[in-house]
Amino acid sequence: MTITDSLAIKHPIIQAPMAGVTTPEFVAAASEAGILGSIGAGYLSEEATREFIREVKKLTDKPFAVNLFVPENVEMDQELMRQAYLGLQPIGKKLGMPFWKAPLSESSFNAQIDVLVEEGVKICSFTFGLPDEAVIQKLKKHNIYLIGTATTVEEAVMAENIRMDAVVAQGKEAGGHRGSFLSEKLLPLDELLSSIIEAIGIPVIAAGGIANKEHLQQQIARGAAAVQIGTALLATEESGAHPLYKEAVLASTENCTVLTKAFSGKPARGIRNQFIDLMQGIPIAPYPYQNDLTKKIRSEAAAKGRPEFMSLWAGERVHETVGGTVKEIVEKFIGKKHALD
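Encoded structure:
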């Protein structure tokens, strides 16, 4: 059985679950275009996750996935938090807020798992780690298809060992957060994909820098069961990205992205901007604390139209991204005659 059969989708493409960018309209448009729509629920509360799922269901009867962030126990170092906050103050001042409150977030992971079961979600993917046995048993009991994320062979082997049904091989080219949880090794997709396919028996989904039909065909030819695309869909009409974020994506040039921990405490690839440059050498708190500290800065920058202080997550081939509807972009990947049917 192919992954398209398992996921009940027409084309071997998954819309990357970009937390903060996915809207119900965006996810539903992806599913309606014959690919797997994905809700980026990593930052959502239990209630918001349920509401999002219900909104998507109103817009499509086709399958979609929900992506969750696996929580990790990170000790809080008060002194590092203080230094990280002080390091962000010059940027806060540029936005007219010398001081701001930074409430600490709490993971809704376990409650979200219950929501997925209660709402009858059929596919669940995980980032920043893998769930424990109790969670896997609960989801398997309800026949939910499970997808892990791996940036190394070791992570992929672990995903297979704990009974994930498929794994995303995320190359260093990918935009947004690295899904790493065992090491921060950076491997290009081609090298990572072939190594993972050799090491495991479950389907492997290629992700990172897949910007066109040729890239898709190359990855399928190399043995990928499907591809995952995110940056290519960022500037679509249905995307929930801020208009200035979309503008930055469409105006981007080659080699404009960098990996940074400055926004969240975890490495993530985005378009280089003033925030990233100003944060060179500044103490950074670990995830999720740095993310909590910068949340107000990011929202204020968006409200005031200051993209130089926003997180503009994008992959290495962002300069190839074009506008249009989700359906139009998907057609560019598959060809209107559906060459991959």
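Under full-length UniProt numbering, the residues of the sequence shown are numbered 1 to 341, in order.
Glycine included, C-beta positions come from ideal geometry on N, C-alpha and C.
*asked:* Helix, strand or coil for S195? Go by DSSP, reduced to three states.
replied: S195: helix per DSSP, three-state reduction.
Looking at the structure shown, is S264 part of a helix, part of a strand, or coil, going by DSSP?
-> The three-state reading of DSSP puts S264 in coil, since its state is none of H, G, I, E or B.
Residue burial classification, N73 (beta-carbon count within 10 angstroms, cutoff 16): N73 should be labelled exposed.
#### Entry: Simplified DSSP state of F52, which is helix, strand or coil
Three-state result, F52: helix.
- Starting from V204 and walking both ways along the beta strand (DSSP E), at which residues does that stretch end? Per DSSP, V204 belongs to the beta strand (DSSP E) from V204 to A207.
| task | Figure out for me which residue from E191, G270 and K266 has the closest Cα to the Cα of S252. | result | Scanning E191, G270 and K266 for the CA closest to the CA of S252 turns up G270.
TODO: Assign T2 to one of two classes, buried (16 or more other C-beta atoms within 10 Å of its C-beta) or exposed (fewer than that).
DONE: Label assigned to T2: exposed.
Using DSSP with H/G/I as helix, E/B as strand and the rest coil, what is D341? Below a pLDDT of 50, predicted positions are generally treated as unreliable, and D341, at 44, falls in that range; no measurement from the model is reported.
Item to check | I147: first and last residue of the uninterrupted alpha helix (DSSP H) it sits in | outcome: Going by DSSP, I147 is part of no alpha helix (DSSP H) but of the beta strand (DSSP E) stretching over Y145 to A150.
What are the boundary residues of the beta strand (DSSP E) that includes A303? Where A303 is concerned, there is no enclosing beta strand (DSSP E), although the alpha helix (DSSP H) around it starts and stops at Y289 to A303.
One or two residues paired with V249 in a DSSP bridge:
Its beta-bridge partners do not exist; DSSP assigns none.
Quiz prompt | A211 and T236 closer than 9 Å at C-beta | solution = Result no, Cβ atoms of A211 and T236 do not sit closer than 9 Å.
Requested in this report: For D341, collect the residues of the same chain with a Cβ closer than 6 Å to its Cβ; drop the 5 residues on either side in sequence, then sort them by chain order.
Outcome: Unreliable placement is indicated for D341, whose pLDDT of 44 sits below 50; no coordinate value is reported for it.
**Request:** Using beta-carbon positions only, say whether L36 and A30 come within less than 9 Å of one another.
**Result:** For the pair L36 and A30, the CB atoms are nearer than the 9 Å cut-off.
Going by DSSP, what residue range makes up the alpha helix (DSSP H) through G87? Here the alpha helix (DSSP H) through G87 covers Q78 to K94.
**OP:** Could you tell me the boundaries of the beta strand (DSSP E) in which S38 lies?
**Re:** Note, S38: beta strand (DSSP E), G37 to G40.
Next on the checklist: Quick check: the Cα distance between H242 and E32, rounded to an integer number of angstroms?
Outcome noted: Between H242 and E32, the C-alpha separation is close to 23 Å.
Requested in this report: Determine, using beta carbons only, whether T151 and P17 come nearer to each other than 9 Å.
Outcome: For T151 and P17, no; Cβs fall outside 9 Å.
Checking the sheet assignment: what are the DSSP bridge partners for L259? DSSP, once it has assigned bridges, lists R269 as partnering L259.
| message | With a threshold of 8 Å on Cβ separation, who are the neighbours of I282 within its own chain once the five nearest residues in sequence on each side are excluded? | response | Taken in chain order, the residues that qualify are A84, G87, L88 and A262.
Does S125 come out as helix, strand or coil in the three-state DSSP assignment? Strand.
Report task. State the start and end residues of the unbroken alpha helix (DSSP H) segment that holds L216. Result -> In this chain, the alpha helix (DSSP H) harbouring L216 covers K213 to A221.
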